[in-house]
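K.L.:
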Amino acid sequence: MEALHEWNLTPKQAVALQADLAKRLESTDRIDPVEHIAGVDIGFEEEGAITRAAVVVLKWELAAVPSLTVVEQAVHREPTRMPYIPGLLSFREVPAALGAFAKLSVKPELVMVDGQGIAHPRRLGVAAHLGLWLDLPTIGIAKSRLYGKHPEVGEARGDWVPLTAGGDVIGAVLRSRAKVKPVVVSPGHRLSLDTSLTWVMRCLGRTKLPEPTHLADRLASRRGTQGQQRLYKG
DNA sequence: GCGACAG
DNA sequence: ATCTTGTCGC
1 MEALHEWNLT PKQAVALQAD LAKRLESTDR IDPVEHIAGV DIGFEEEGAI TRAAVVVLKW
61 ELAAVPSLTV VEQAVHREPT RMPYIPGLLS FREVPAALGA FAKLSVKPEL VMVDGQGIAH
121 PRRLGVAAHL GLWLDLPTIG IAKSRLYGKH PEVGEARGDW VPLTAGGDVI GAVLRSRAKV
181 KPVVVSPGHR LSLDTSLTWV MRCLGRTKLP EPTHLADRLA SRRGTQGQQR LYKG
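First residue of the first sequence? That's 1 in UniProt numbering, and the numbers climb one at a time after it.
1. Just the C-alpha distance for S67 and I37, rounded to the nearest angstrom, thanks.
2. If the criterion is Cβ atoms closer than 8 Å, does the pair A119 and V184 meet it?
3. So which of D194, Y84, G188, D168 has the shortest CA-CA distance to V111?
4. If we count Cβ pairs, one from each stretch, closer than 8 Å, do we get three or more for the stretch 62-77 versus the stretch 134-143?
5. Relative to the C-alpha of R81, which residue among I50, L25, G224, W60 is closest?
6. Is Q116 helix, strand or coil when you go by DSSP?
7. Distance, Cα to Cα, E78 vs L219?
8. To the nearest angstrom, how far is it from the Cα of L89 to the Cα of G125?
9. Would you say the beta carbon of D135 comes nearer than 7 Å to a heavy atom of the ligand FMN?
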């Protein structure tokens, strides 16, 4: 438990901690009725010297027309603590993400993160690590693959193939938009892959990334949020 | 030893 | 991740 509070570690120590923390991940669904979904992403300012974490909370409503509406946003900036090292991304981004979460007044039941969940060499991508810390269900949605192999995926929206590693299914490569480069979806904490895929597809709008992550991405990079606040689904 | 390598 | 304009397509 105390280990979870450690962030300033050498790469070797971080790798050892990841293997240990991964044992605590829950791969079956343990999620409350979803009313709010948060999207998280990290950006940088000052040529990388400042890490900027952004979180956007959306209200999920299943009416005649399912909808997602932005209800809160938070940004947290802090000095960048370490360089990007493949496989150790969470040690660079999670601390800042926690700073942004601390500013929220609404507690989401589900969190979508830009990056991998368990589709990681030691099964602890940034979404998984953040899920353990927040003790909330998390899903990783990455724009590219870090680990695992997979056959080619179909070109239609919704097509997907399993991402595997050492005989385990660690995620899915999903074509979230027709003919556009697929995203890598992997559960983080407290969710199965099936449930993760279901939620990602439910949150898809017109962009390749699900709305929570898409909006957080824009907020993190200061490109702002364009257009309306109500995003109709269906 | 030689690649691969989230953001 | 970030540096950056226009442009092709639904």
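Here a beta-carbon is modelled for each residue, glycine too, at the ideal position from N, C-alpha and C. None of these values were measured; they are calculated from a predicted model.
P.N.:
Put simply:
1. 12 Å
2. yes
3. G188
4. no
5. I50
6. coil
7. 16 Å
8. 7 Å
9. Inclusion of the ligand FMN in the displayed structure is not the case, the ligand content being empty and no account of it being possible.
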